[in-house]
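There are 2 protein chains.
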Amino acid sequence: MNFKIPFAGRQHEYSDEEIEVVVNAMKFSVPLTQGSNLKLFQNEFCDYVNCRHAFGVSNATAALEMAAQLLLINEGDEVIIPSHTYTSSAYPFLKQGAKIVWADIDLQTRVVNAETIKKCITKNTKAIVVVHLYGFGADMEEILDLATENDLILIEDVAQALGGELNSKKLGTFGHLGVFSFHSHKNISTLGEGGMLITDDENFAKVIPLLRHNGHCDFEFSRDQYWLPAMGNVDMPTLHNSYLWPNNYCLGEVECALGTKMLQRIDAINSEKRRRAIHFINELSNYPELQFHVEDSPRHAYHLLVAMVTDIDRDDFIKSMSNDYGIQCVVQYYPLDRYDLYKKADQGKSNCPKTDLFFDNMVSFPFQHSLAMAELDYILEATKKVVEKLR
Amino acid sequence: MNFKIPFAGRQHEYSDEEIEVVVNAMKFSVPLTQGSNLKLFQNEFCDYVNCRHAFGVSNATAALEMAAQLLLINEGDEVIIPSHTYTSSAYPFLKQGAKIVWADIDLQTRVVNAETIKKCITKNTKAIVVVHLYGFGADMEEILDLATENDLILIEDVAQALGGELNSKKLGTFGHLGVFSFHSHKNISTLGEGGMLITDDENFAKVIPLLRHNGHCDFEFSRDQYWLPAMGNVDMPTLHNSYLWPNNYCLGEVECALGTKMLQRIDAINSEKRRRAIHFINELSNYPELQFHVEDSPRHAYHLLVAMVTDIDRDDFIKSMSNDYGIQCVVQYYPLDRYDLYKKADQGKSNCPKTDLFFDNMVSFPFQHSLAMAELDYILEATKKVVEKLR
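Next comes the structure, spelled out in structure tokens:
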């Protein structure tokens, strides 16, 4: 079906300046990968979020795969993860042999909190993955306390919330590892794919470059001649005497140059999306059938605009928006335990009633940054009419 | 040290038309990943090499990682791989639990052949990885016969030889799986990173999309409403009843648009590089201290220009080229068994005397496509003078 307003196929338009950065990088970057643009992007990213180490990678899943490797999972170890998230937040940990314990969300914020996580902690818990879903920052201070008390590694999946803050501290910098995405649908994108892994932990920071780039490193001895015994060494990434396998998760120089440039615009994009979201929500204040999460502060990047539908039928709402107005609303994020992959991995059971309730009654509106105000107004008016019809 | 002529930091310059393709893709691609440009690139690639299925991926290592997964390695299984290659040709197979048996090269062609591979076959052999190193196509017909006789899966690593042919058949299409690279240093590059995995095997082709993109697939049942029960399924990639873990190895739309465009130029680049290589080699015909592999046919893409040094000291040659003329010659490829990673993985022993002899006496000249003819002439003249000095 052809929609008048499809759900976000991409998030934003590139400015002329951003296009120029790409053209210049194509002309002048030597080499085209693992060069000075990567270093600059990583440095600027560190400055922006205020962290010690940042590693540009091919996508956020790659960052999560490395985070999962860094946990040094042993048989029986458990990792607490929300079931209400994208699949990449979870399967890398299964791959490393962990058992996942699914944490429920708070029905109002739609993300996990210290209370729902605490219920999942056992003597086997190794780590917690918090996802700042939809762009909203979870209660990281309380969750960090919980992690510290229980000696757990804390990973923040900030794929949807780059630039978000909690008490003036950037999301991603509370945990031991922070994961960011520059995928097509995210608030900034490095040409469709891209990600970043950050940490303040020096042991992690030492091993990540080898994990990312095929185990490449310098020889440990000094060399008089640059080619002897070879151009460089390839070694086993090693953490606390455990060997990890390397990967190739490199991000190209052109993408890094663009990422550096787009960092200048993330605050403006987030502010504008938040302003639009609050406007949209306020306009629907007399439509209590749609329950939004209102947070008019930098704690919410409003990457996506979602509501829980009550009193009217959710599916009728989506159907009418689609059939009568050509607007493609979607549902997300399918509780992971319901997917065939997780069932086959023996992770098909959860105790997350709020996740189930929310997902089965939620709607996500088209909300890409590139939508014109007129399109947003059209969605708003259609929404009102559909709710009125279904009352 | 600053070199007057550094070793290839990137391979080629982008043309104005290629830059325009990127700019247009930035402006008009919706979405920015996993869209129509990927499909077009894959289709055009299939047409170019003449294969049934092609899958664009984030890099050639990712393609090799998936190839290794598709082998369904069991404990004790062996994979035959040249030790004279880049590390990505090998470690993905270790990751899947295989034992590597290192195959030696032919001293003249610098790649493996049916004879060196045959010596490595045991009752535990599961697969053969052939690397068309430096751009030269190995004896694929004989090697395929060997694989067929012994019921082995044959993988071609064509990272350095896109466009190369053997008896009018493109390299990469002889084996069950073919791997290509569009890395910064390769004859064409999709902005620094990128790769392709090809196959004619329908079972492989069915599972690769899930392996590549987080297990995403359609639901197996028909749906009246596009959002029920969710936007799509996530399932376990399954081959011959074995579960494989998914990955995220996606290549962005802008990169795919550029790759499609650059396919139009690969033959011209290869021809020009081959013409230059033959010229370089002919000019040095009175310098038998440098033994080149001469192949003036599409069987050699001359991705790199390498020679074995005899009678004079190899290290003195490189030192003089560097110190006296500012030309950065390098050595490659360090026999993998010598790297710390392979030693630690219990793969530190090989029986590859020709590989050892070649590596310890080889030199690789700067040979990127973007070198000016004047620069190539400068390298040529310097080479002559250095050899004469060292005689």
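Chains as they are written, first to last, in our numbering: chain D, 1 to 391; chain Y, 392 to 782.
Glycine residues also receive a C-beta, built at the ideal position from the N, C-alpha and C atoms.
Quick caveat, the model's predicted, so the values are computed rather than measured.
Taking the beta carbon of residue i as the centre, do at least 16 other beta carbons fall within 10 Å, making it buried, or is it exposed?
| i | result |
| --- | --- |
| residue 426 (chain Y) | buried |
| residue 313 (chain D) | exposed |
| residue 249 (chain D) | buried |
| residue 430 (chain Y) | exposed |
| residue 555 (chain Y) | buried |
| residue 183 (chain D) | buried |
| residue 607 (chain Y) | buried |
| residue 157 (chain D) | buried |
| residue 664 (chain Y) | buried |
| residue 237 (chain D) | buried |
| residue 373 (chain D) | exposed |
| residue 322 (chain D) | buried |
| residue 716 (chain Y) | buried |
| residue 294 (chain D) | exposed |
Have a look at residue i and residue j and give me their C-alpha separation to the nearest angstrom.
| i | j | result |
| --- | --- | --- |
| residue 450 (chain Y) | residue 21 (chain D) | 23 Å |
| residue 51 (chain D) | residue 188 (chain D) | 19 Å |
| residue 330 (chain D) | residue 178 (chain D) | 28 Å |
| residue 458 (chain Y) | residue 135 (chain D) | 36 Å |
| residue 409 (chain Y) | residue 31 (chain D) | 18 Å |
| residue 418 (chain Y) | residue 15 (chain D) | 9 Å |
| residue 380 (chain D) | residue 143 (chain D) | 36 Å |
| residue 289 (chain D) | residue 308 (chain D) | 8 Å |
| residue 255 (chain D) | residue 582 (chain Y) | 8 Å |
| residue 386 (chain D) | residue 320 (chain D) | 7 Å |
| residue 502 (chain Y) | residue 220 (chain D) | 30 Å |
| residue 171 (chain D) | residue 434 (chain Y) | 41 Å |
| residue 119 (chain D) | residue 139 (chain D) | 15 Å |
| residue 84 (chain D) | residue 334 (chain D) | 7 Å |
| residue 253 (chain D) | residue 261 (chain D) | 12 Å |
| residue 364 (chain D) | residue 8 (chain D) | 10 Å |
| residue 708 (chain Y) | residue 205 (chain D) | 39 Å |
| residue 12 (chain D) | residue 297 (chain D) | 21 Å |
Can you tell me which of the three DSSP states residue i falls into?
| i | result |
| --- | --- |
| residue 659 (chain Y) | helix |
| residue 415 (chain Y) | helix |
| residue 556 (chain Y) | strand |
| residue 712 (chain Y) | helix |
| residue 571 (chain Y) | strand |
| residue 428 (chain Y) | helix |
| residue 670 (chain Y) | helix |
| residue 647 (chain Y) | helix |
| residue 43 (chain D) | helix |
| residue 664 (chain Y) | helix |
| residue 349 (chain D) | coil |
| residue 192 (chain D) | strand |
| residue 730 (chain Y) | coil |
| residue 201 (chain D) | coil |
| residue 472 (chain Y) | strand |
| residue 344 (chain Y) | Because residue 344 (chain Y) is not part of the residues shown, which for chain Y are 392 to 782, the question remains open. |
| residue 395 (chain D) | Only positions 1 to 391 of chain D appear in this structure, which leaves residue 395 (chain D) out of reach. |
| residue 234 (chain D) | strand |
| residue 128 (chain D) | strand |
| residue 619 (chain Y) | coil |
| residue 56 (chain D) | strand |
| residue 67 (chain D) | helix |
| residue 698 (chain Y) | strand |
| residue 4 (chain D) | coil |
| residue 75 (chain D) | coil |
| residue 773 (chain Y) | helix |
Interface residues of the stretch 49 to 60 of chain D facing chain Y [CB-CB below 7 Å]: 58 and 59
Touch test, the stretch 102 to 109 of chain D against the stretch 347 to 356 of chain D, Cβ-Cβ under 8 Å, three pairs minimum: yes
At least three beta-carbon pairs within less than 8 Å, the stretch 720 to 734 of chain Y to the stretch 596 to 605 of chain Y: no
The stretch 352 to 372 of chain D in contact with the stretch 86 to 100 of chain D per 3-pair CB rule at 8 Å: These segments do not touch.
Under 8 Å (Cβ pairs) to chain D, residues found in the stretch 641 to 659 of chain Y: 641, 642, 643, 644, 645 and 646
Contact residues within the stretch 310 to 337 of chain D, judged by C-beta distance below 7 Å to chain Y: 315, 318, 319, 330, 331, 332 and 334
Contact the stretch 685 to 699 of chain Y vs the stretch 512 to 532 of chain Y: 3+ CB pairs below 8 Å: yes
At least 3 beta-carbon pairs within less than 8 Å: the stretch 434 to 441 of chain Y vs the stretch 610 to 629 of chain Y: no
Cβ-based contacts, 7 Å cut-off: residues of the stretch 189 to 206 of chain D near chain Y: Listed in sequence order: 189, 191, 192 and 193.
Near-chain D residues of the stretch 611 to 639 of chain Y - C-beta to any C-beta below 8 Å: 616, 617, 618, 619, 620, 621, 622, 624, 625, 626, 627, 634, 636, 637, 638 and 639
Members of the stretch 463 to 486 of chain Y that neighbour chain D once the beta carbon cut-off is set at 7 Å: 478, 479, 482 and 486
Contacting positions in the stretch 496 to 530 of chain Y - beta carbon closer than 8 Å to chain D: none
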